[in-house]
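Enquirer:
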Amino acid sequence: MERNQGERAWVLHSHPFGDGSLVLELFTEHHGRLGVLARGKRRRGRLEAGRPYWVRWAGQGELPVLQSAEELPGRLVQHPVPALLLFYLNELLLRLTGRADPQDELFVEYSQILEALAARPEDFWLLRRFERRLLVTLGWAADVIHCAQCGALLKEANAYARAGEGVFCARHAPALAQPVSAAALTWLGGDLQLPPERSAWGELRSYLAMELDQLLGGRTLESRRLLAAYLRRRRSSRGGAESR
Ligand SMILES: [Zn+2]
2 MERNQGERAW
12 VLHSHPFGDG
22 SLVLELFTEH
32 HGRLGVLARG
42 KRRRGRLEAG
52 RPYWVRWAGQ
62 GELPVLQSAE
72 ELPGRLVQHP
82 VPALLLFYLN
92 ELLLRLTGRA
102 DPQDELFVEY
112 SQILEALAAR
122 PEDFWLLRRF
132 ERRLLVTLGW
142 AADVIHCAQC
152 GALLKEANAY
162 ARAGEGVFCA
172 RHAPALAQPV
182 SAAALTWLGG
192 DLQLPPERSA
202 WGELRSYLAM
212 ELDQLLGGRT
222 LESRRLLAAY
232 LRRRRSSRGG
242 AESR
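Quick note on the numbering used here: the sequence shown kicks off at 2 and runs consecutively.
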């Protein structure tokens, strides 16, 4: 039986299995996404999403058995927006990464964004950074520097993007392509360390959602639906307070 010394991991999802056991979908530091069986008597603590653990497991194949999970010091995600955002990030990883496909860089990225969102939950641009980094890491990010058709530099005016096909200059924009401003392209092609210009937030959200939707094969993310409903409710309650 294969045993390991353990590594850092986050819980992405869990569901009951058999008599008091759980199947946990973990995102591990060096083994990527991993499904493990947490037997009833071996369950330690709460094993929740949004908390970092040091986990050890044994066995290989489809469903190794969790040996232990110790919570590591870290911020707790308690605010309702981070909880929804956490659900969103986890859903992206569950849907777009495969089991047992090591994603060390993405693990670092994921750990960083959880910490940042726990501290600054209103920094929605961090989600755009995660989405872009996810696309880059998985090899699906569009070239945002050159036109996908003629190779011309996309620097000056608006460019046009179509999901799964790339970004195009005005001359080669395909039908139904979505305009993307120079500010958005510059940010997407940069190191993503600083927030994009505020004016580009909306189009970055819709551009990245378009690229991700293409990969998700048209299946809606439950978390995106919930987040949109939450934001609508919050806006309408704020609007109500202002009109009083
Ligand atoms: Zn072109």
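The beta-carbon is built from N, C-alpha and C at its ideal position, and this holds for glycine as well.
Whole angstroms is fine: what's the gap from Arg245's alpha carbon to Leu94's?
Expert: By 1-based counting over the sequence shown, the position of residue 245 is 244. By 1-based counting over the sequence shown, the position of residue 94 is 93. Because Arg245 carries a pLDDT of 36, less than 50, the predicted location of this residue cannot be relied on, and the following value inherits that uncertainty. Going from the Cα of Arg245 to the Cα of Leu94 covers about 43 Å.
Enquirer: State the Cα-Cα distance for the pair Trp126 and Pro65, rounded to the nearest angstrom.
Expert: Here residue 126 corresponds to residue number 125 of the sequence shown, with the count starting at 1. Here residue 65 corresponds to residue number 64 of the sequence shown, with the count starting at 1. Distance between the alpha carbons of Trp126 and Pro65: 36 Å.
Enquirer: Would you list the one or two residues that DSSP bridges to Pro180?
Expert: The residue given as residue 180 occupies position 179 in the sequence shown. Looking at the DSSP assignment, Pro180 forms a beta bridge with Tyr161.
Enquirer: Could you compute how far the alpha carbon of Ala229 sits from the alpha carbon of Arg236?
Expert: Residue 229 sits at position 228 when you count from the first residue of the sequence shown. Residue 236 sits at position 235 when you count from the first residue of the sequence shown. Cα to Cα, Ala229 sits roughly 11 Å from Arg236.
Enquirer: Under 8 Å between the Cβ atoms of Leu193 and Leu139?
Expert: Residue 193 sits at position 192 when you count from the first residue of the sequence shown. Residue 139 sits at position 138 when you count from the first residue of the sequence shown. No, Cβ-Cβ distance for Leu193 and Leu139 is not below 8 Å.
Enquirer: Excluding the five sequence neighbours on either side, which residues of its own chain have a C-beta within less than 6 Å of the C-beta of Glu88, listed in chain order?
Expert: Taking the first residue of the sequence shown as 1, we reach residue 88 at position 87. Position check: residue 88 holds Phe in this sequence, whereas Glu was assumed. Excluding residues within five positions, the ones whose Cβ falls inside 6 Å are Ser224.
Enquirer: Taking C-alpha atoms, which residue in Val109, Asp124, Leu85 lies nearest to His32?
Expert: Locating residue 32 in the sequence shown gives position 31, where the first residue counts as 1. Residue Val109 is the option with its Cα nearest to His32.
Enquirer: In chain order, what residues of the same chain lie with their CB nearer than 8 Å to the CB of Pro81, ignoring the 5 residues before and after it?
Expert: For the purposes of this step, residue 81 is identified with residue 80 of the sequence shown, where counting begins at 1. Only weak support is given to the placement of Pro81: the predicted model assigns it a pLDDT of 49, under 50, and the question is left unresolved by the model.
Enquirer: With distance defined between alpha-carbon atoms, name the residue in Ala153, Glu30, His16 nearest to Ala1.
Expert: Here the chain has residues from 2 to 245 only, and residue 1 is not among them.
Enquirer: Would Leu118 and Pro74 be called neighbours here (beta carbons separated by less than 8 Å)?
Expert: Residue 118 sits at position 117 when you count from the first residue of the sequence shown. Residue 74 sits at position 73 when you count from the first residue of the sequence shown. Going by C-beta atoms, Leu118 is not nearer than 8 Å to Pro74.
Enquirer: At a cut-off of 7 Å, would you count Gln179 as near ligand 1, judging by its Cβ distance to the nearest heavy atom?
Expert: For the purposes of this step, residue 179 is taken as the residue at position 178 of the sequence shown. The answer is no for Gln179.
Enquirer: Starting from the C-beta of Leu23, find all residues in its chain whose C-beta is less than 8 Å away, skip the five residues before and the five after it, and write them out in chain order.
Expert: Start at 1 with the first residue of the sequence shown, and residue 23 comes out as number 22. Here the set comprises Ser15, His16, Pro17, Leu38, Ala39, Arg44, Leu48.
Enquirer: Pick out whichever of Glu123, Gln68, Asp124, Arg234 has its Cα sitting closest to the Cα of Gly7.
Expert: The residue given as residue 7 occupies position 6 in the sequence shown. It is Gln68.
Enquirer: Straight-line CA distance for Val78 to Ser200?
Expert: As a first step, residue 78 must be located in the sequence shown, where it is residue number 77. As a first step, residue 200 must be located in the sequence shown, where it is residue number 199. Bear in mind that a pLDDT of 47 at Val78, under 50, signals an unreliable position, so the number given afterwards is only what the model happens to contain. Straight-line Cα distance between these residues: approximately 29 Å.
Enquirer: With the cut-off set at 8 Å, would you say Ala164 and Met211 are in Cβ contact?
Expert: Taking the sequence shown and counting its residues from 1, one reaches residue 164 at position 163. Taking the sequence shown and counting its residues from 1, one reaches residue 211 at position 210. Yes.
Enquirer: How far does the beta strand (DSSP E) with Gly203 in it extend, from its first residue to its last?
Expert: Along the sequence shown, one-based indexing puts residue 203 at 202. Gly203 -> not in any beta strand (DSSP E); alpha helix (DSSP H) instead, spanning 202-216.
Enquirer: I'd like to know whether the C-beta atoms of Leu213 and Glu106 end up nearer to each other than 8 Å.
Expert: The count along the sequence shown starts at 1 and reaches residue 213 at position 212. The count along the sequence shown starts at 1 and reaches residue 106 at position 105. The answer is no: Cβ separation not under 8 Å.
Enquirer: What span of residues does the beta strand (DSSP E) with Phe169 cover, start to end?
Expert: The residue labelled residue 169 in the question sits at position 168 within the sequence shown. Segment 167-169, the beta strand (DSSP E) holding Phe169.
Enquirer: Tell whether a beta-carbon distance below 8 Å holds between Glu71 and Tyr54.
Expert: Residue mapping note: residue 71 aligns to position 70 of the sequence shown, counting from 1. Residue mapping note: residue 54 aligns to position 53 of the sequence shown, counting from 1. Yes, Cβ-Cβ distance for Glu71 and Tyr54 is below 8 Å.
Enquirer: For ligand 3, list every residue whose C-beta falls under 6 Å from any of its heavy atoms, going in chain order.
Expert: Ligand 3 is not among the ligands present in this structure, which contains only ligand 1.
Enquirer: Return the chain-ordered ranges of every beta strand (DSSP E) run that is complete within the stretch 25-112 and spans a minimum of 3 residues.
Expert: With a minimum length of 3 residues, the continuous beta strand (DSSP E) runs that stay inside the stretch 25-112 are 33-39, 53-59, 66-72.
Enquirer: If contacts are defined as beta-carbon pairs under 8 Å, then Tyr208 and Ala162 qualify, I think. What distance do you get, rounded to the angstrom?
Expert: Mapped onto the sequence shown, residue 208 falls at position 207. Mapped onto the sequence shown, residue 162 falls at position 161. That belief holds up - the Cβ atoms of Tyr208 and Ala162 are roughly 6 Å apart, short of 8 Å.
Enquirer: Can you give the Cα-Cα distance for Arg129 and Ala185, rounded to whole angstroms?
Expert: Taking the sequence shown and counting its residues from 1, one reaches residue 129 at position 128. Taking the sequence shown and counting its residues from 1, one reaches residue 185 at position 184. Roughly 11 Å between the two C-alpha positions.
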